[in-house]
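A short worksheet on the structure shown next.
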Amino acid sequence: LREVQRAFVGLMRSTIEPDGLNELVLVAGLSVRQVCVLRLYHRYLRQAGFAFSPAYIERSIVRHPHIAADLAELFDIRFDPRRFSDDEARTLAADDVRSRLVTSLDEIPSLDDDRICRAFLVLVEATIRTNAFRSGEEIAVKLSPGLIPFLPQPRPMFEIFVCSPWVEGVHLRGGRIARGGLRWSNRPEDFRTEVLGLVTAQMVKNSVIVPVGAKGGFVVKRSTADPGDRDEIRAEGVDRYQRFIRSLLDLTDNVGADGTSPPPDTVVYDEPDPYLVVAADKGTATFSDIANSISEEYGFWLGDAFASGGSQGYDHKAMGITARGAWESVRRHASVLGKVADGDELTAVGIGDMSGDVFGNGMLLSPHLRIVAAFDHRHIFLDPDPDPDASWQERQRLFDLPRSSWADYSADLISEGGGVHPRSAKRIAVPASLRQRMGLEEEHVSGQALVHAILAMEVDLLWNGGIGTYVKASHETDTDAGDRANDAVRIDASQLRARIVGEGGNLGLTQAARVEAGLRGIRLNTDAIDNSAGVDLSDHEVNYKIALAPRVRSGQLAAADRHELLFAVADEACQ
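My numbering puts the first residue of the sequence shown at 25, with every later residue one more than the last.
Below, the structure written as structure tokens:
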């Protein structure tokens, strides 16, 4: 009765998610916390691309309340720190419940129900840590993906999944020493797929820096922010980011004078694992100080080396490091084609806008660029015959203008026939001077058709400073690209006519598309090489801080002096 009351009150106060799993409080006698644990695994199955719909999974697990009860019991036996005084007794009790579960599973008549219930068992047994027995609203589990056969490849070494009524998130790590950014995702249905694609690229680019890569992402749930109020939206994002960060640190070992120690009130099934370093990514560029304040709150051994950047670290946008690194590739490609990227006029199309770090910094690296078209998620920019000097100065103005967009571009500086148009527009006039280079016959096209044509435009340079996968190989499907939002505008590598591709952003092309484009003579590397400079600079910053931390703790070096020293070597780090 007490748990029924708790569930009812939680639903009324919106501290419990309203779904079919809450029925387990009645039919299986589970506590609210136990239902929340099963809900976490249920949400993880959706993110893992499991074959069945969420509603179908809910009905299946509720149809077998005795199995749900045993799954919850197995989880509690394995992870409740107060339940057993020694590991042997815990193991024996877990084996007993597991044996009972296997017998019950063998007796399930439905193949679908069998697959679903066994998937829950796999996830419970693949869990190696949890914060479920500590106070807090978010439940997080640390998983060993190698023990989960239905996960798509590649499978990282470690994974942390976080679930609560307010936030869901995942952190994938390729090895014990790995690093990468955390992003504020807008893909609640498949954010793990998004992060998995990013960590794959991160693994490659980190191979020249640290052993392997990592990546994380979270989504805001139950948003109450006014869609037009940026401050409200940011405040909500900060709250969810803080919840996510705390959940990650809840499951991470610490290092002190006596060596490595596990988190409090936590049963641990893996080896000591204290290295957790994060960075900024899409939507979290200004959040590093927030993460580092939580690191200090936890007394985490890395201190402000936990999250690179912020007021006590290197500002990548101010230093332009990611774009500068990608521009080195452009310089190399241009030289092969007999051009000087910094001195010759190059026609270009771009993905992004001037407020963005990679796009904005990159498109200021040469005053001789002639950007004839560009787009981001909001606008399409057309300038058929740009004046290089005037347009460069206008791009600089937009870069310096807070929260600018292509809509802020001065109309009187755009050449005849050009303009700025909403990407969602149904009908946009395309000047004859661009139609030929785009391969268009129609005088008016939709915004989607125009983006498609821009990607296939005949220019010297395609500069990707944005988000999305826009080019696939001819033999691939749009599903292979893994970016449903851009299925309508994506082109095949056989349609790509830019002579050079600079990939400041991640995943702009599929890897197969890069191969196909390269075989056609288009000059490009990979995103992993082109934008690795930003990752490398963050690694320098983290390593400098780790090296200097003992001097600060011992009083040999004042914190202010460490900060001054860090910035004294910034130019050298960039070089």
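The beta carbon of each residue, even a glycine, is placed where N, CA and C say it ideally should be. Given the structure is predicted, the values throughout are model-derived calculations rather than measurements.
Measure the Cβ-Cβ separation of residue i and residue j and say whether it is below 8 Å.
i	j	result
Phe405	Val444	yes
Thr371	Val483	yes
Ser84	Asp137	yes
Val56	Asp94	no
Gly384	Phe324	no
Ala92	Ala52	yes
Leu45	Arg67	no
Trp208	Lys245	no
Ile395	Gly489	no
Ile201	Tyr299	yes
Gly386	Ala303	no
Ala449	Ser434	no
Val194	Arg216	yes
Gly327	Asp313	no
Leu572	Leu581	yes
Ala583	Val576	yes
Ala505	Gln472	no
Leu220	Thr308	no
Ile524	Arg547	yes
Can you list, in chain order, the residues of its chain whose CB lies under 8 Å from that of residue i, leaving out five sequence neighbours each side?
i	result
Asn555	Lys229, Thr346, Gly349, Ala350, Val382, Glu527, Gly528, Gly529, Asn530
Phe108	Ile101, Arg114, Ala117
Arg124	Asp94
Val618	There is no way to answer for residue 618, as the model of the chain reaches only from 25 to 599.
Glu161	Thr39, Ser188, Pro189, Trp190, Arg267
Ile172	Ala72, Val146, Leu147, Ala150, Arg179
Cutting at 7 Å between CB atoms, please list the residues of its own chain near residue i, excluding the five before and the five after it.
i	result
Pro180	Pro169, Leu196, Arg197, Gly198, Val223
Val232	Ser556
Ala143	Leu69, Phe74, Phe174
Gly367	His392
Leu425	Asp432
Ile140	Phe76, Ile81, Ser84, Ile85
Hey, out of the options, whose CA is closest to residue i's CA?
i	options	result
Pro78	Asp43, Arg461, Asp305	Asp43
Ile452	Glu467, Ser439, Val126	Glu467
Val593	Tyr338, Asp282, Phe76, Arg267	Tyr338
His564	Val279, Ala331, Asp253	Ala331
Pro296	Ala303, Ser285, Ala304	Ser285
Pro455	Ile478, Ser448, Leu35	Ile478
Arg521	Asp110, Val495, His401, Asp294	Val495
Arg419	His403, Glu440, His401, Ser379	Ser379
Leu388	Ala414, Arg402, Lys363, Ile318	Ala414
Thr310	Leu590, Arg258, Ala573, Pro235	Arg258
His403	Gly362, Pro446, Gly442, Ala505	Pro446
Arg461	Pro412, Thr127, Pro408	Pro408
Asp277	Pro287, Arg270, Gly237, Gly283	Pro287
Glu213	Pro412, Glu192, Met227	Glu192
Ser428	Leu437, Ser439, Ile438, Asp377	Asp377
Glu218	Glu47, Pro251, Ile491, Gly344	Ile491
Assign residue i to one of two classes, buried (16 or more other C-beta atoms within 10 Å of its C-beta) or exposed (fewer than that).
i	result
Leu25	exposed
Ser390	buried
Leu543	exposed
Val243	buried
Met36	exposed
Asp305	buried
Asp130	exposed
Val28	exposed
Arg267	buried
Thr501	exposed
Ser498	exposed
Gly410	Correcting the residue type first, residue 410 is Pro in the shown sequence and not Gly. Buried, by the Cβ-count rule.
Gly362	exposed
Val49	buried
His90	exposed
Leu533	buried
List the DSSP bridge partners of residue i.
i	result
Leu485	Ala372, Ile524
Pro446	His403
His468	Ala453
Thr284	Val279
Phe242	Gly193, Trp208
Ile163	Cys187
Ile515	Val495
Phe182	Arg197
Ile269	In the DSSP output, where bridge partners are listed per residue, Ile269 has none listed.
In chain order, what residues of the same chain lie with their CB nearer than 6 Å to the CB of residue i, ignoring the 5 residues before and after it?
i	result
Phe99	Val61, Val148
Val165	Thr151, Thr154, Phe185
Asp551	Ala225, Glu527, Asn530
Ser518	Ser498
Arg158	Asp289
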